[in-house]
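Count along the sequence shown starting at 1, add 75, and that's the number in our numbering.
Glycine is no exception: its CB is placed at the ideal position from the N, C-alpha and C atoms.
Here the structure is a predicted model, which is why all the values come from computation and not from measurement.
One structure below.
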Amino acid sequence: MSKLVLLDLWRCGLTGMIPDAFGELLNWRVVYLHNNRLHVPVPPSFNCLSSLAILELSNNRMTGCLPELSNLNALTDLMLENNQLTGPIPTTIGSQHNHKLGESLFSWHSEQLNIWRPTHRIVTGSTAGIGALSCLEALEASHNDITAGIPPSELSQLTQLQSLHLFGNPRLYGAGVGFHRIG
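Below you can see the structure in the form of structure tokens.
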């Protein structure tokens with residue numbers, strides 16, 4: 076399997092943990108493991124997958140914290156929605172492209188990230204720093220606990236943004252706030 080570049084095991088009824096040995100398959104570019112019943116997030120060995128561009132882990136039963144994934148320099152699509160992940164979001168993905176932006180949970184990013192789907196209680200707090208995701212085409216951050224809107228100065232930096240989903244964030248703008256606050 077050393078030449079394998081794509082793993083597509085979505086909706087296969089997989090349970091338990093992702094094997095740590097998967098992180099040794101260094102040629103992987105695409106991993107689809109969504110719609111299974113996996114319990115533990117990616118093993119720390121995934122940090123060695125520097126060619127990985129797409130990591131789709133949504134709709135599992137993952138709990139716990141994500142490991143540091145600072146060596147995923149090629150990562151463009153990261154999908155984690157519909158899991159029960161907790162704890163801090165790692166501050167780096169693809170560290171050569173990252174800028175830590177204070178305590179904001181949106182500081183977890185890569186300038187190359189095209190799609191980010193942190194839905195269903197993965198993100199809390201502020202969206203400060205999201206403007207650094209200059210290649211972002213889709214942000215699907217519904218059903219989280221985002222408490223501050225996206226500042227217009229940040230939103231204007233998202234020049235590639237085509238899809239923005241923020242529904243289900245009841246504290247995002249508060250009752251009676253007009254569209255002028257959105258950006």
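By DSSP's assignment, Asp95 forms no beta bridge with any residue. For Leu239, the enclosing beta strand (DSSP E) starts and ends at 238 to 240. Taking the Cα positions, Ile225 is about 11 angstroms away from Leu233. Using a 10 angstroms sphere on the CB of Ala96, the tally of other CB atoms stays under 16, which defines it as exposed. For Phe242, the CB contacts under 7 angstroms within the same chain, skipping 5 residues up- and downstream, are Ser217 in chain order. The closest CA to that of Met92, considering only Val80, Ser120, Leu81, is found on Ser120. For the set Asn110, Lys78, Ser228, Asp83, the Cα lying nearest the Cα of Leu100 is the one of Lys78. Spatial neighbours of Asn158 in its own chain (CB-CB distance under 6 angstroms, excluding positions within 5 residues in sequence) are listed in chain order as Asn135, Met137. Boundaries for Leu81: no alpha helix (DSSP H) harbours it, while the beta strand (DSSP E) harbouring it runs 81 to 83, taken from the DSSP string. Where Glu229 is concerned, the enclosing alpha helix (DSSP H) starts and stops at 227 to 230.
Contact between Asn122 and Leu108 is absent: CB atoms are separated by about 17 angstroms, not below the 8 angstroms threshold.
A straight-line Cα-Cα distance of about 15 angstroms links Leu214 and Glu131. Between Leu127 and Trp103, the gap from beta carbon to beta carbon is short of 9 angstroms. A buried status is given to Pro116, since no fewer than 16 other beta-carbon atoms sit within 10 Å of its beta-carbon. Apart from the 5 residues on each side of it in sequence, Leu84 sits with its Cβ closer than 8 angstroms to the Cβ of Tyr107, Leu108, Asn111 in its chain, given in chain order. In the same chain as Pro94, and ignoring 5 residues on each side of it, the C-beta atoms closer than 8 angstroms to its own belong to Pro118, in chain order. In this structure, Gly206 keeps its C-beta atom at 9 angstroms or more from the C-beta atom of Ser238.
For Ala213, the enclosing beta strand (DSSP E) begins and ends at 213 to 215.
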